[in-house]
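For the record, in the sequence shown the residue sitting at position 181 is 254 according to our numbering, with numbers rising by one throughout. Each residue gets a CB set at the ideal place from its N, CA and C atoms; glycine is no exception. Please read these numbers as outputs of a predicted model, since none were measured by experiment.
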Amino acid sequence: MKGRCQVGDIKDQYEAFPYPERDPRDEKKRLITGSPSHPLEIDHFLFLGQRDWSKGTRILVAGGGTGDALIQMAQVLTNARKPYEITYTDLSEASREIAEKRAKIRGLQGITFITGSLLDAPKYGPFDYIDCCGVLHHLPDPQEGFNALSAALAPDGGLGCMVYAPYGRSGVYPLQEAFGMLTDGMSPKKAKLKAAKRMFDRLPEGHPFKRNPHLVDHKASDAGFYDLLLHAQDRPYTISDLVDELSLAGLKMTGSPQAALYDLRRFGEVPDHLSETQQMALAEKLDGTIKTHVVYAKVAASRAGQADGHAPKTIPHLKGMSPQALAQKVARDGAITVTLNGVKHEVILPKASAGPIAGIDGRRNLEALRIGAGLDLVAWNAIWRPVHTNLTRFGLMLYSNLLR
Numbered sequence: 074m075k076g077r078c079q080v081g082d083i084k085d086q087y088e089a090f091p092y093p094e095r096d097p098r099d100e101k102k103r104l105i106t107g108s109p110s111h112p113l114e115i116d117h118f119l120f121l122g123q124r125d126w127s128k129g130t131r132i133l134v135a136g137g138g139t140g141d142a143l144i145q146m147a148q149v150l151t152n153a154r155k156p157y158e159i160t161y162t163d164l165s166e167a168s169r170e171i172a173e174k175r176a177k178i179r180g181l182q183g184i185t186f187i188t189g190s191l192l193d194a195p196k197y198g199p200f201d202y203i204d205c206c207g208v209l210h211h212l213p214d215p216q217e218g219f220n221a222l223s224a225a226l227a228p229d230g231g232l233g234c235m236v237y238a239p240y241g242r243s244g245v246y247p248l249q250e251a252f253g254m255l256t257d258g259m260s261p262k263k264a265k266l267k268a269a270k271r272m273f274d275r276l277p278e279g280h281p282f283k284r285n286p287h288l289v290d291h292k293a294s295d296a297g298f299y300d301l302l303l304h305a306q307d308r309p310y311t312i313s314d315l316v317d318e319l320s321l322a323g324l325k326m327t328g329s330p331q332a333a334l335y336d337l338r339r340f341g342e343v344p345d346h347l348s349e350t351q352q353m354a355l356a357e358k359l360d361g362t363i364k365t366h367v368v369y370a371k372v373a374a375s376r377a378g379q380a381d382g383h384a385p386k387t388i389p390h391l392k393g394m395s396p397q398a399l400a401q402k403v404a405r406d407g408a409i410t411v412t413l414n415g416v417k418h419e420v421i422l423p424k425a426s427a428g429p430i431a432g433i434d435g436r437r438n439l440e441a442l443r444i445g446a447g448l449d450l451v452a453w454n455a456i457w458r459p460v461h462t463n464l465t466r467f468g469l470m471l472y473s474n475l476l477r
């Protein structure tokens with residue numbers, strides 16, 4: 074772990090290497106989606122899957138970089154014809170320029186761009202939702218960032234964030250420290266990058282970094298290499314560290330689209346005395362592949378949170394899968410294989426659930442699916458609970474009113 078650095082050092086890095094590297098012209102041929110901050114996820118993890126999107130949503134993208142989260146939310150909400158106001162902030166003018174160009178090419182409206190610090194977030198709030206992806210761990214005092222974002226939320230608002238994790242990034246931090254010391258004072262940034270790449274090429278193949286298959290940013294672009302191995306300020310969090318900092322900021326974790334990774338039961342029996350956070354922390358240690366934590370959190374006093382699959386009016390959506398293709402596989406095999414961080418997991422689903430699964434279209438609610446399948450409540454619960462539990466824990470099913 075490094076000592077404190079100056080904010081100017083981080084700003085200079087992202088002026089030289091806007092991250093992630095994006096070409097605005099690519100917006101004409103693809104939309105980048107992911108976690109956190111897809112509107113379906115926001116609804117599922119923060120608003121019980123029952124948000125009324127027609128009333129509008131005030132959103133802050135805190136440390137928005139080159140705009141992935143911004144573009145995802147604005148485009149998905151535009152396609153769904155739901156009103157929104159998005160405020161984008163970032164220290165880097167170069168990153169902001171790329172984000173603005175991407176939005177302009179798509180013709181997206183309702184976005185205010187600000188060059189500045191996320192610590193100023195309370196001045197622009199309150200917000201129904203805040204995205205902060207890959208930023209808090211780069212602050213000299215991350216808790217100040219958590220506190221500022223919490224203060225910028227509406228009373229029922231929520232946060233989606235990603236921070237780095239230590240075990241899946243094995244090999245990163247010794248290199249960051251060594252490269253940082255050996256390139257200190259080099260200018261411009263590209264000279265520092267060139268020197269670090271020369272050293273990297275001479276690392277032995279047995280180095281923990283080179284043996285870690287989960288690290289790929291350094292291969293994707295110069296910006297990726299610099300962000301991963303030359304960053305001036307980078308502090309990883311265990312899941313328990315993250316829960317603690319959220320709590321200190323008056324926030325409570327409501328869930329993760331990668332919940333299965335934190336399930337201690339996949340390694341054996343769970344002692345009764347362990348709290349939920351302790352179980353997650355042990356699962357993280359035993360898993361060893363988690364390089365980022367993607368979580369959602371609400372204001373601690375809020376009653377809303379993650380959808381539970383009970384409410385008959387909630388609407389399920391499948392993520393990354395065709396309902397018909399999934400239904401066919403379930404009817405045939407009663408199971409699917411899901412790969413997370415290179416690890417394969419067998420997900421058991423009742424064969425009798427194939428019919429309701431085939432009917433998922435993002436518009437039918439659970440009650441309509443049950444009636445369509447001709448099932449009473451007892452029979453429905455017997456097949457749907459396993460579907461809900463086993464698909465949501467892998468982030469493959471979400472509940473949302475977005476398309477209603």
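Assigned secondary structure, residue i (DSSP; H/G/I helix, E/B strand, else coil)
{"i": "residue 390", "result": "strand"}
{"i": "residue 333", "result": "helix"}
{"i": "residue 174", "result": "helix"}
{"i": "residue 149", "result": "helix"}
{"i": "residue 94", "result": "coil"}
{"i": "residue 478", "result": "The displayed coordinates of the chain run from 74 to 477. Any statement about residue 478 would go beyond what the structure contains."}
{"i": "residue 204", "result": "strand"}
{"i": "residue 76", "result": "Unreliable positioning characterises residue 76 in this predicted model, as indicated by a pLDDT of 46, which lies under 50. The coordinate reading is nonetheless provided below. Three-state DSSP puts residue 76 in coil, outside helix and strand."}
{"i": "residue 193", "result": "helix"}
{"i": "residue 163", "result": "strand"}
{"i": "residue 141", "result": "helix"}
{"i": "residue 209", "result": "helix"}
{"i": "residue 397", "result": "helix"}
{"i": "residue 345", "result": "coil"}
{"i": "residue 110", "result": "coil"}
{"i": "residue 304", "result": "coil"}
{"i": "residue 87", "result": "helix"}
{"i": "residue 477", "result": "coil"}
Check whether residue i and residue j have beta carbons under 9 Å apart
{"i": "residue 229", "j": "residue 201", "result": "yes"}
{"i": "residue 88", "j": "residue 167", "result": "yes"}
{"i": "residue 358", "j": "residue 240", "result": "yes"}
{"i": "residue 297", "j": "residue 91", "result": "no"}
{"i": "residue 421", "j": "residue 389", "result": "no"}
{"i": "residue 418", "j": "residue 362", "result": "no"}
{"i": "residue 100", "j": "residue 179", "result": "yes"}
{"i": "residue 139", "j": "residue 103", "result": "no"}
{"i": "residue 431", "j": "residue 385", "result": "no"}
{"i": "residue 372", "j": "residue 350", "result": "no"}
{"i": "residue 411", "j": "residue 333", "result": "yes"}
{"i": "residue 125", "j": "residue 463", "result": "no"}
{"i": "residue 469", "j": "residue 402", "result": "no"}
{"i": "residue 307", "j": "residue 249", "result": "yes"}
{"i": "residue 269", "j": "residue 302", "result": "yes"}
{"i": "residue 165", "j": "residue 188", "result": "yes"}
{"i": "residue 243", "j": "residue 281", "result": "yes"}
{"i": "residue 114", "j": "residue 233", "result": "yes"}
{"i": "residue 235", "j": "residue 108", "result": "yes"}
{"i": "residue 387", "j": "residue 123", "result": "yes"}
Exposure label - residue i; buried when at least 16 CB within 10 Å
{"i": "residue 152", "result": "exposed"}
{"i": "residue 254", "result": "exposed"}
{"i": "residue 289", "result": "exposed"}
{"i": "residue 226", "result": "buried"}
{"i": "residue 214", "result": "exposed"}
{"i": "residue 162", "result": "buried"}
{"i": "residue 120", "result": "buried"}
{"i": "residue 368", "result": "buried"}
{"i": "residue 148", "result": "buried"}
{"i": "residue 135", "result": "buried"}
{"i": "residue 374", "result": "exposed"}
{"i": "residue 337", "result": "buried"}
{"i": "residue 319", "result": "buried"}
{"i": "residue 382", "result": "buried"}
{"i": "residue 451", "result": "exposed"}
{"i": "residue 86", "result": "buried"}
{"i": "residue 74", "result": "Because residue 74 carries a pLDDT of 40, less than 50, the predicted location of this residue cannot be relied on, and no value is offered for it."}
First through last residue of the beta strand (DSSP E) which encompasses residue i
{"i": "residue 418", "result": "416–421"}
{"i": "residue 30", "result": "A question about residue 30 goes unanswered here, because the residues of the chain that appear run from 74 up to 477."}
{"i": "residue 366", "result": "365–372"}
{"i": "residue 133", "result": "130–135"}
{"i": "residue 412", "result": "408–413"}
{"i": "residue 186", "result": "184–188"}
{"i": "residue 471", "result": "470–472"}
Residue i - containing alpha helix (DSSP H), residue span
{"i": "residue 462", "result": "450–465"}
{"i": "residue 319", "result": "312–321"}
{"i": "residue 443", "result": "439–446"}
{"i": "residue 155", "result": "Looking at the DSSP string, residue 155 is not in any alpha helix (DSSP H), and its letter there is neither H nor E."}
{"i": "residue 431", "result": "427–431"}
{"i": "residue 379", "result": "Residue 379 -> no alpha helix (DSSP H), and no H or E assigned at all."}
{"i": "residue 358", "result": "349–360"}
Completely contained beta strand (DSSP E) runs for the region 219–301, where each covers 3 or more residues
The region 219–301 contains, as complete beta strand (DSSP E) runs of 3+ residues, the segments 226–237 (chain order).
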